[in-house]
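Enquirer: For reference, the structure I am asking about is given below.
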Ligand code: PNW
């Protein structure tokens, strides 16, 4: 029996402010940590920055038209904190808020539901200069910012997300240093993770207080679909450690109100966690309306042996690991198909994660808030962009979502990453994740064949035979 997508299933595409907006110095916006980082030589591929990006700040209306042409039912975007609250504290910047008001109005005019993320990695630089996420005060600044945005947009946005992938903010930003702000300190990374959790809890409280009761509050994580290379106790222990650091460090406090005991034990040689104050767990635990899951590829680990190949998870820089307390873990690249990121194509990881959260957190609706792939897209002689590999990737992963639905998972929506090609963080513009091609010289948008394919899926609510 084919199970199709349920009525009301949200079909969308996702982006993030710094990756598409550009206009980095306009209308009162101040620098974020990504402006500082990307302007520092050697930090991003080719020295690319988000100064212009896909110029979405000036092409908002055209981009919303494109979404309507694709038939999207929802659009997931993020608000740039330094655009709406320059410097990360104090009064709102009216021009910045006006941009998001206009965006949301354009979406609603075309029947597209706005799904707003408050924080997709662009911390105001002033807050980083005051200590950043390793400092507790940043969590309180975030709650103030959440209130400010809720007061401005709460009359027209129903779906709210506090953070996007706090794992990346904490461990790539402060641990391995491959993301902004580029620090490489395992204690700072663990402190950052806790203060991001606290920011989520305080932010969710601020949203509830400022928003009408119909509003829904969520968070988006990138849980690891992590597998042990063998069933040996040592390899299973490696799996457990990575699972704790990637996933349970967020899900357990947010959904159950405590850090996992094994995580505290694994990291005891690094920190005593005294930055967790009495009362924090009760704040971090907040009843959520759904959980957002971003999925790209699985992770395969084993216990490191003396002759193990060097760490190769693509996430480390100059020997700095994003996995504090998991030094004896080796990361492996399974054989098989890869994307341009060199990430393996394996949709079973998505099914596995959806079923895991269904089992562990019964009653909590799930949303696939990002899924997609980078490929080396190029226009052909006629200017068309054919990306059959992306269609195959999307088809296989949507099929995994469909199987999870058939197996009882309460999945409410799917958001393709990404609507348009954009600034892929440390990889700059070299990696194209868009369903729509962007010619950065002219900023012309061309829907790739995957966009046409996805449009059919969205319109029919069904996967075509493949
Ligand atoms: C996510 N990793 O980033 C982000 O939410 C997007 O902004 C980004 O463009 C997309 O996935 C594609 O990369 C990630 O190294 C970046 O494990 C890096 C990792 C995971 C997610």
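Residue numbers (UniProt numbering): 1 to 466. The beta carbon of each residue, even a glycine, is placed where N, CA and C say it ideally should be.
Spatial neighbours of residue 458 within its chain, please: C-beta separation below 8 Å, excluding the five flanking residues on both sides.
Expert: In the chain shown, the residue the question calls residue 458 occupies position 458. The residues are 11, 70, 71, 72 and 73.
Enquirer: Closest by CA to residue 441, which one among 53, 122, 4 and 283?
Expert: Counting from 1 along the chain shown, the entry for residue 441 is found at position 441. Measuring from the Cα of residue 441, the nearest candidate turns out to be 53.
Enquirer: Answer yes if the stretch 353-365 comes into contact with the stretch 389-404, meaning at least three C-beta pairs across the two stretches below 8 Å, and no otherwise.
Expert: Segments in contact, yes.
Enquirer: What's the C-alpha gap between residue 463 and residue 90?
Expert: Your numbering for residue 463 matches position 463 in the chain shown. Your numbering for residue 90 matches position 90 in the chain shown. Cα to Cα, the separation comes out at about 48 Å.
Enquirer: Can you have a look at residue 270 and say buried or exposed, based on whether 16 or more other CB atoms are within 10 angstroms of its CB?
Expert: Counted from its first residue, the chain shown places residue 270 at position 270. Classification for residue 270: exposed.
Enquirer: Check whether the stretch 432-449 and the stretch 28-48 touch, using three or more Cβ-Cβ pairs below 8 Å as the test.
Expert: No, because fewer than three Cβ pairs between the stretch 432-449 and the stretch 28-48 fall closer than 8 Å, the two stretches do not touch.
Enquirer: Quick check: what's the CA-CA separation for residue 494 versus residue 6?
Expert: Since the displayed the chain opens at 1 and closes at 466, residue 494 lies outside it and no answer follows.
Enquirer: Any chance the stretch 159-175 sits against the stretch 91-102, with 3 or more Cβ pairs inside 8 Å?
Expert: Contact fails: fewer than three Cβ-Cβ distances are below 8 Å.
Enquirer: Given a threshold of 16 other Cβ atoms within 10 Å of its Cβ, counted over all protein chains shown, does residue 305 qualify as buried or as exposed?
Expert: On the chain shown, residue 305 is found 305 positions in, with the first residue counted as 1. Exposed is the call here.
Enquirer: Please determine, among 16, 25 and 142, the residue with the shortest C-alpha to C-alpha distance to residue 196.
Expert: Taking the first residue of the chain shown as 1, we reach residue 196 at position 196. Looking at the Cα atoms, 142 is the closest of the given residues.
Enquirer: Kindly give me the distance between the Cβ atoms of residue 423 and residue 18, rounded to whole angstroms, as I take these residues to be in contact under 8 Å.
Expert: Position 423 of the chain shown, counted from the first residue, corresponds to residue 423. Position 18 of the chain shown, counted from the first residue, corresponds to residue 18. Rounded, the Cβ-Cβ distance is 7 Å, consistent with contact.
Enquirer: Can you give me the C-alpha to C-alpha distance between residue 149 and residue 383, rounded to a whole angstrom?
Expert: Your numbering for residue 149 matches position 149 in the chain shown. Your numbering for residue 383 matches position 383 in the chain shown. Taking the straight line from one Cα to the other gives about 40 Å.
Enquirer: Taking the continuous beta strand (DSSP E) assigned at residue 445, which residues delimit it?
Expert: Reading the chain shown from its first residue, position 445 is the one you call residue 445. Run containing residue 445: 444-447, per the beta strand (DSSP E) assignment.
Enquirer: Quick one: is residue 248 buried, meaning 16 or more other Cβ sit within 10 Å of its Cβ, or exposed?
Expert: As a position in the chain shown, residue 248 is number 248, starting the count at 1. When all chains shown are included, residue 248 counts as buried.
Enquirer: State the beta-bridge partners of residue 521 as determined by DSSP.
Expert: The chain is shown from 1 up to 466; residue 521 falls before or after that span and cannot be answered.
Enquirer: I want to check one thing, is the minimum distance from the CB of residue 165 to the heavy atoms of the ligand PNW below 6 Å?
Expert: Taking the chain shown and counting its residues from 1, the one referred to as residue 165 is at position 165. The answer is yes for residue 165.
Enquirer: Which residue or residues does DSSP assign as beta-bridge partners of residue 215?
Expert: Translated into positions along the chain shown, residue 215 becomes position 215. Looking at the DSSP assignment, residue 215 forms no beta bridge with any residue, so it has no partner.
Enquirer: Please state if the CB of residue 434 and the CB of residue 418 are separated by a distance shorter than 7 Å.
Expert: In the chain shown, residue 418 corresponds to position 418, counting from 1. In the chain shown, residue 434 corresponds to position 434, counting from 1. Contact flag set, yes.
Enquirer: Looking only at its chain, what residues have a beta carbon closer than 6 Å to the beta carbon of residue 223, apart from the 5 residues adjacent to it on each side?
Expert: Along the chain shown, one-based indexing puts residue 223 at 223. The residues are 247 and 353.
Enquirer: Where do the N-terminal and C-terminal ends of the beta strand (DSSP E) with residue 370 fall, by residue?
Expert: The sequence position of residue 370 within the chain shown is 370, counting from 1. Per DSSP, residue 370 belongs to the beta strand (DSSP E) from 366-371.
Enquirer: If you measure between the beta carbons of residue 325 and residue 266, is that distance less than 7 Å?
Expert: Translated into positions along the chain shown, residue 325 becomes position 325. Translated into positions along the chain shown, residue 266 becomes position 266. In contact: residue 325 and residue 266 (Cβ atoms closer than 7 Å).
Enquirer: By the three-class DSSP mapping on this structure, what secondary structure does residue 385 have?
Expert: Translated into positions along the chain shown, residue 385 becomes position 385. If DSSP states are grouped into helix, strand and coil, residue 385 belongs with the strands.
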